[in-house]
Structures are given as structure tokens and as C-alpha cells.
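*Asks:*
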Amino acid sequence: QQQVKQSPQSLIVQKGGIPIINCAYENTAFDYFPWYQQFPGKGPALLIAIRPDVSEKKEGRFTISFNKSAKQFSLHIMDSQPGDSATYFCAGGSNYKLTFGKGTLLTVNP
Amino acid sequence: KAGVTQTPRYLIKTRGQQVTLSCSPISGHRSVSWYQQTPGQGLQFLFEYFSETQRNKGNFPGRFSGRQFSNSRSEMNVSTLELGDSALYLCASSSSGAKNIQYFGAGTRLSVL
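Just so you know, the protein sequences line up as chains A and B, in that order.
All you need for this note's numbering is the position in the first sequence, starting with 1, plus 53.
All you need for this note's numbering is the position in the second sequence, starting with 1, plus 197.
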């Protein structure tokens, strides 16, 4: 199986909160783990990505934590804003092919 | 640099017809991948092309096909359309030096009636 399991399906936080989205993978051939953000009517936009030899990566308010032994990784959004309200997808990548999680609908209330 | 461009943005077809979707990758990107996005199945990989050759294929029936031209532009074709083919079809491009860093277009919304 080459699934990527993503949770939760939906998440509601208040402005300034720190939503956390989790993903677990099975395919140990994955060598790249991106997160995408998608707004309604738009294509997914690359947000941040990590390689399996790194345990954490920060870009602005977004942080990926990666646990290779557990085959899990997560996205943290610091100081969340209403403009962060979107669907977030994690993925595992290998040989130009991305396998996506089912997505998390994040709502940040003002 | 222009992003990934997909045309048309919207299509309405009837069952049994065929459809062709077009994708222009980011300049300099030679790999083009196609994905199908539906509410039920999420984002699923269709196929990937590099230098006019299909290198990777997902688990879709043979009605789904594609090709890539010498300028890296790609087309995807779906024949004998079924209602279940209604979806957002997304194209992504990547460069040779960053094989899994894929940039997506806005997609083509296909509705099959």
C-alpha cells in the first residue's frame, strides 16, 4: 500500500491559534514530503516541504515536524489568520509522483 | 516566470464523448504530471511525462491517455466519457533538478452530463 493518511478531516481554530495537521505514510521509498494549500477554485500551491533526513523545517509561520522512525509528519501553523482558511494536503513523493492525503479543511475564525 | 497554464478552465461534455485538456508547464520544466481531484477520492496521480515519454502511470483505465510535445507542453485525453469522470484535472510541472517539487496549475473543471 502506498497510502498517506491525513487527520483531522476538518479543523476549526480561533485567530492566533496553532492548528496542527498530521500525516502518516507507509511507503519508505518516499524521499520528499510536501504540504500544499488549496483555496476554492484554485490549484494546490506548494507551501513547505521536507526531506526525510531532516526532523524539522520552518518557513515563516509554517513548520513541518518529521519523524522518520514512526513514518509520520505534521504541519503546524503559528499565529493562524483568517486568510489561512483553506484545504491543506500532505503528500509523499517518489520519482516525480506524489501520493496525497485526503486533505484537511481548516477554518480560522476571526 | 509564468506559472503552469491549463486550458480550458471549464468544460461540459456528455457521456460517450471525448475530451482533450492542455497544459503548458513553467518555462524550463520538462516533467509534466497529471492528477484527478474529486471530493470522494481526493487527488490521484494519472501519469507523468518527460521528454515526450510517459515514465509513470497511475491506476486509471486506458480511456485516460496523454502525450507531451517537444516544447514540454502536454495534453491529456479522456475517451468515452463517463459520469464519474467529472472532476478537476490538475497539471503539475517540475524541473529535472528537483524531481518531486511540483507546481500546479489552476486545473480544468470537467463536468460530464
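Note that the Cβ used here is the ideal one computed from N, Cα and C, for glycine as well.
Can you give me the Cβ contacts of residue 254 (chain B) inside the same chain, cut-off strictly under 6 Å, excluding the 5 residues immediately before and after it?
*Replies:* For the purposes of this step, residue 254 (chain B) is identified with residue 57 of the second sequence, where counting begins at 1. Here the set comprises 244.
*Asks:* DSSP state of residue 146 (chain A), grouped into three classes?
*Replies:* Reading the first sequence from its first residue, position 93 is the one you call residue 146 (chain A). Of the three classes helix, strand and coil, the one that applies to residue 146 (chain A) here is strand, per DSSP.
*Asks:* Taking 7 Å as the cut-off, decide whether the C-beta atoms of residue 59 (chain A) and residue 76 (chain A) are in contact.
*Replies:* In the first sequence, the residue the question calls residue 59 (chain A) occupies position 6. In the first sequence, the residue the question calls residue 76 (chain A) occupies position 23. Going by C-beta atoms, residue 59 (chain A) is nearer than 7 Å to residue 76 (chain A).
*Asks:* May I ask you to report which of helix, strand or coil DSSP gives residue 285 (chain B)?
*Replies:* To locate residue 285 (chain B), count along the second sequence from 1; it is residue 88. Residue 285 (chain B): strand per DSSP, three-state reduction.
*Asks:* With respect to the beta strand (DSSP E) encompassing residue 228 (chain B), which residues constitute its N-terminal and C-terminal limits?
*Replies:* Locating residue 228 (chain B) in the second sequence gives position 31, counting from the first residue. Residue 228 (chain B) -> beta strand (DSSP E) spans 228-235.
*Asks:* Just checking, does the segment 136-146 of chain A make contact with the segment 81-95 of chain A on the three C-beta pairs under 8 Å criterion?
*Replies:* By the criterion of at least three beta-carbon pairs nearer than 8 Å, the segment 136-146 of chain A is in contact with the segment 81-95 of chain A.
*Asks:* Applying the 10 Å Cβ sphere with the 16-neighbour rule, what's the burial state of residue 82 (chain A)?
*Replies:* Within the first sequence, the letter at position 29 stands for residue 82 (chain A). The residue is exposed, with fewer than 16 neighbouring Cβ atoms inside 10 Å.
*Asks:* Report the start-end ranges of each alpha helix (DSSP H) in the segment 91-146 of chain A that is 4 residues or longer and not cut off at the edges.
*Replies:* none
*Asks:* Beta-carbon separation of residue 224 (chain B) and residue 202 (chain B) under 7 Å?
*Replies:* On the second sequence, residue 224 (chain B) is found 27 positions in, with the first residue counted as 1. On the second sequence, residue 202 (chain B) is found 5 positions in, with the first residue counted as 1. No; because the gap between Cβ atoms is not below 7 Å, this pair is not in contact.
*Asks:* Here's the rule: buried if 16 or more other CB atoms are within 10 angstroms of the residue's CB, otherwise exposed. What is residue 120 (chain A)?
*Replies:* Within the first sequence, residue 120 (chain A) is the residue found at index 67, counting from 1. Its Cβ having fewer than 16 others within 10 Å, residue 120 (chain A) is exposed.
*Asks:* With distances taken Cα to Cα, identify the nearest neighbour of residue 100 (chain A) among B:308, B:299 and B:309.
*Replies:* To locate residue 100 (chain A), count along the first sequence from 1; it is residue 47. Considering only alpha carbons, the answer is B:299.
*Asks:* Please classify residue 155 (chain A): is it buried, with 16 or more other beta-carbons within 10 angstroms of its beta-carbon, or exposed?
*Replies:* Here residue 155 (chain A) refers to the residue found at position 102 when the first sequence is read from its first residue. Residue 155 (chain A) comes out buried.
*Asks:* CA-CA distance, residue 292 (chain B) and residue 64 (chain A)?
*Replies:* Taking the second sequence and counting its residues from 1, one reaches residue 292 (chain B) at position 95. Taking the first sequence and counting its residues from 1, one reaches residue 64 (chain A) at position 11. So the alpha carbons of these two residues sit roughly 34 Å apart.
*Asks:* Just to check my reading of the structure: residue 226 (chain B) and residue 290 (chain B) have Cβ atoms closer than 8 Å, yes? What is that Cβ distance to the nearest angstrom?
*Replies:* On the second sequence, position 29 is the one that residue 226 (chain B) refers to. On the second sequence, position 93 is the one that residue 290 (chain B) refers to. 4 Å between Cβ atoms; contact.
*Asks:* According to the neighbour-count rule (16 or more other Cβ atoms, all chains shown, within 10 Å of its Cβ), is residue 236 (chain B) buried or exposed?
*Replies:* Indexing the second sequence from 1 puts residue 236 (chain B) at position 39. Residue 236 (chain B) should be labelled exposed.
*Asks:* Let me know the beta strand (DSSP E) ranges lying completely inside the segment 60-87 of chain A, each 3 residues or longer, listed in chain order.
*Replies:* 63-67 and 73-78
*Asks:* Go through its chain and collect everything with a Cβ distance to residue 209 (chain B)'s Cβ below 6 Å, but skip five positions before and after it.
*Replies:* One-based indexing of the second sequence puts residue 209 (chain B) at position 12. Hits under 6 Å: 308.
*Asks:* Quick one: what does DSSP say residue 151 (chain A) is sitting in, helix, strand or coil?
*Replies:* To locate residue 151 (chain A), count along the first sequence from 1; it is residue 98. Correct three-state label for residue 151 (chain A): strand.
*Asks:* Who are the neighbours of residue 256 (chain B) on chain A, taking C-beta pairs under 8 Å?
*Replies:* Residue numbering aside, residue 256 (chain B) sits at position 59 when the second sequence is read from its first letter. The premise fails here: residue 256 (chain B) is roughly 10 Å from chain A at the closest Cβ pair, so nothing lies under 8 Å.
*Asks:* For residue 249 (chain B), decide whether its Cβ has a neighbour in chain A, counting only Cβ atoms nearer than 7 Å.
*Replies:* Position 52 of the second sequence, counted from the start, is the residue given in the question as residue 249 (chain B). No, its Cβ sits nowhere closer than 7 Å to a Cβ of chain A.
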